[in-house]
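Following the numbering used here, the numbering of the sequence shown begins with 14 at its first residue and continues without gaps.
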Amino acid sequence: MSISESLAALRQNIESRNPAEPEFHQAINEVFETLSPMLGKHPEYAEAKLLERICEPERQIIFRVPWVDDAGEVQINRGFRVEFNSALGPYKGGLRFHPSVGLGVVKFLGFEQIFKNALTGLPIGGGKGGSDFDPKGKSDNEIMRFCQSFMTELYRHIGEYTDVPAGDIGVGAREIGFLFGQYKRITNRYESGVLTGKGLAWGGARVRVEATGYGTAYFVQEMLAANDAGLGGRDVIVSGSGNVAIYAIQKVHQLGGRVVACSDSTGYVHDADGIDFKMLRQIKEVERGRISEYAERRGASARYETNGSIWDLPCTVALPCATQNELDAEAARRLIASGVVAVAEGANMPCRPEAVRLFQEAGVLFGPGKAANAGGVATSALEMQQNASRDSWSFEYSEQRLHEIMRNIHTDCFETAAEYGHPRNYVLGANIAGFNRVAEAMLAMGVI
Ligand code: NDP
Numbered sequence: 014m015s016i017s018e019s020l021a022a023l024r025q026n027i028e029s030r031n032p033a034e035p036e037f038h039q040a041i042n043e044v045f046e047t048l049s050p051m052l053g054k055h056p057e058y059a060e061a062k063l064l065e066r067i068c069e070p071e072r073q074i075i076f077r078v079p080w081v082d083d084a085g086e087v088q089i090n091r092g093f094r095v096e097f098n099s100a101l102g103p104y105k106g107g108l109r110f111h112p113s114v115g116l117g118v119v120k121f122l123g124f125e126q127i128f129k130n131a132l133t134g135l136p137i138g139g140g141k142g143g144s145d146f147d148p149k150g151k152s153d154n155e156i157m158r159f160c161q162s163f164m165t166e167l168y169r170h171i172g173e174y175t176d177v178p179a180g181d182i183g184v185g186a187r188e189i190g191f192l193f194g195q196y197k198r199i200t201n202r203y204e205s206g207v208l209t210g211k212g213l214a215w216g217g218a219r220v221r222v223e224a225t226g227y228g229t230a231y232f233v234q235e236m237l238a239a240n241d242a243g244l245g246g247r248d249v250i251v252s253g254s255g256n257v258a259i260y261a262i263q264k265v266h267q268l269g270g271r272v273v274a275c276s277d278s279t280g281y282v283h284d285a286d287g288i289d290f291k292m293l294r295q296i297k298e299v300e301r302g303r304i305s306e307y308a309e310r311r312g313a314s315a316r317y318e319t320n321g322s323i324w325d326l327p328c329t330v331a332l333p334c335a336t337q338n339e340l341d342a343e344a345a346r347r348l349i350a351s352g353v354v355a356v357a358e359g360a361n362m363p364c365r366p367e368a369v370r371l372f373q374e375a376g377v378l379f380g381p382g383k384a385a386n387a388g389g390v391a392t393s394a395l396e397m398q399q400n401a402s403r404d405s406w407s408f409e410y411s412e413q414r415l416h417e418i419m420r421n422i423h424t425d426c427f428e429t430a431a432e433y434g435h436p437r438n439y440v441l442g443a444n445i446a447g448f449n450r451v452a453e454a455m456l457a458m459g460v461i
């Protein structure tokens, strides 16, 4: 059987053994499409059934999360933790609280996380978790009761040497605080390294809040620089207005670009004068408001739209930072027609496969999420490092480390793509570089 035939057979097998998990299938396909050149060079990977093993999570945990709302009514949600691969270190990956969370979403995120974490060069395996709980519209007390119930089951599966969750969509510093408090209370251990994204006063790391967005901006800057271009003076669009988007906007501005639009799930705002980062952060992070309020407060330069898509607007750099599959083929065509030169994924898998193909065919530089948004998890690993040594680094030093890691990830992807005969194909470079690292560790450890 040829390599592509055996990949197709494996893909079919995974799809039939894991039905109704379309996001997981999509993530598998995206990786498989790029691995052939590497598998040809490493027949020992196929002999050891490495691909089959990597696609099967080491452990999947699904649990009931009962809690009582403010009206005294009992509510039941479903909790997930998928511990995908621990060849390089303890499972590491965020928790997502969103009504769309199901096993397929958690597995797609966990699978991507394995290679992303490998690319950071730091000792972390891959995992992901979450719940179909919707934090929107819930009181602080309801959030706390939910988090406590969630941790009452999760605590027995995690630990600083086992599995280290963090935040993701719907899980920020407030939720990590409630989760950590409950872990500490149940275990009677102040085990700082069990969760990352903690507050600065109790074991958190400087730059963790900013890291994913900053890292995405650094990555796109590196992609442009490697192709004799720069970010300075460019009009940039950033979708979303959550943790990743806010700090991508700040760093793009610091690097000389101008972000002219951002969004949330109900609409987008176009600001002809460039997004006012301080106002945006105040509304979204401090007041937990909506993007429509930004337009109201900002005045004449800003326009709020609920019709159409943020990708209808022209730009030369696009940073999708909201959620999976938010940028489709039609949006990609419009962006290409408007002259986009670089796209980097701040979110996980925000571009549909057809959109990625169109960008690549049009010669647009495309940075996949597992490389472009790896700054968040890398800084989480630095948080674990600080916790283990009971240390706390300065903002400047932490940002310098982040910048260095993003530069190294870029170089790794760029050089791997060239080595395998596909220059500038960052998707192929990221998949092969990440896969290689995990595969070599698994080979060394035998059949586990
Ligand atoms: P947040 O919950 O802080 O923000 C998510 C943002 O996306 C919100 O503005 C939300 O709007 C918006 N959004 C959600 N769905 C849609 C939609 N269908 N259309 C338009 N906007 C939408 O999450 P994060 O910023 O933490 O995460 C964003 C992405 O980045 C996710 O894919 C996540 O997995 C990924 N990521 C996050 C990391 C981190 O460190 N936080 C690390 C690496 C990746 P609304 O408020 O209306 O829901």
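Beta carbons: idealized from backbone N, C-alpha and C, even for Gly.
Given the structure is predicted, the values throughout are model-derived calculations rather than measurements.
Just curious, the alpha helix (DSSP H) that residue i is in, first and last residue?
i: K105; result: It is not in any alpha helix (DSSP H) - K105 instead sits in the beta strand (DSSP E) that spans Y104 to F110.
i: F191; result: A186 to T200
i: N26; result: I16 to R30
i: I137; result: Where I137 is concerned, there is no enclosing alpha helix (DSSP H), given that its DSSP letter is neither H nor E.
i: I478; result: With the chain covering 14 to 461 only, the question about residue 478 has no answer from this structure.
i: G159; result: Going by the sequence as given, residue 159 is Phe instead of Gly. Its alpha helix (DSSP H) spans residues D153 to L167.
i: Y4; result: This structure does not reach residue 4, given that the chain is present from 14 up to 461, and the question cannot be answered.
i: P56; result: P56 to E60
i: E65; result: L63 to I67
i: K291; result: F290 to R294
In the DSSP output, which residue or residues are listed as bridge partners for residue i?
i: F408; result: The partner list for F408 (beta bridge, DSSP) is empty, contrary to what the question assumes.
i: E318; result: Y281
i: S252; result: P333
i: F379; result: V356
i: L340; result: C364
i: G143; result: F93 and R109
Residue i by DSSP, collapsed to three states: which one?
i: G459; result: coil
i: G180; result: coil
i: F37; result: helix
i: S402; result: coil
i: E96; result: strand
i: I89; result: strand
i: R271; result: strand
i: S393; result: helix
i: G172; result: strand
i: S276; result: strand
i: K149; result: coil
i: A431; result: helix
i: N386; result: coil
i: P462; result: Since the first residue shown for the chain is 14 and the last is 461, residue 462 is missing from the structure and cannot be characterised.
i: A454; result: helix
i: D286; result: coil
i: E300; result: coil
i: A443; result: helix
Name the two residues that bound the continuous beta strand (DSSP E) containing residue i.
i: I304; result: It is not in any beta strand (DSSP E) - I304 instead sits in the alpha helix (DSSP H) that spans I304 to R311.
Classify residue i: buried if its beta carbon has 16 or more other beta carbons within 10 angstroms, exposed otherwise.
i: P333; result: buried
i: S254; result: buried
i: Y281; result: buried
i: M455; result: buried
i: N130; result: buried
i: Q126; result: buried
i: V299; result: exposed
i: S29; result: exposed
i: K264; result: buried
i: Y410; result: exposed
So, residue i versus residue j, is the Cβ gap smaller than 8 Å?
i: G143; j: D181; result: yes
i: A331; j: L348; result: yes
i: G228; j: F163; result: no
i: M362; j: A100; result: no
i: T225; j: N256; result: yes
i: G117; j: A33; result: yes
i: L48; j: N444; result: yes
i: L132; j: A452; result: no
i: I304; j: D284; result: no
i: L378; j: V354; result: yes
i: S252; j: I171; result: no
i: N400; j: G212; result: no
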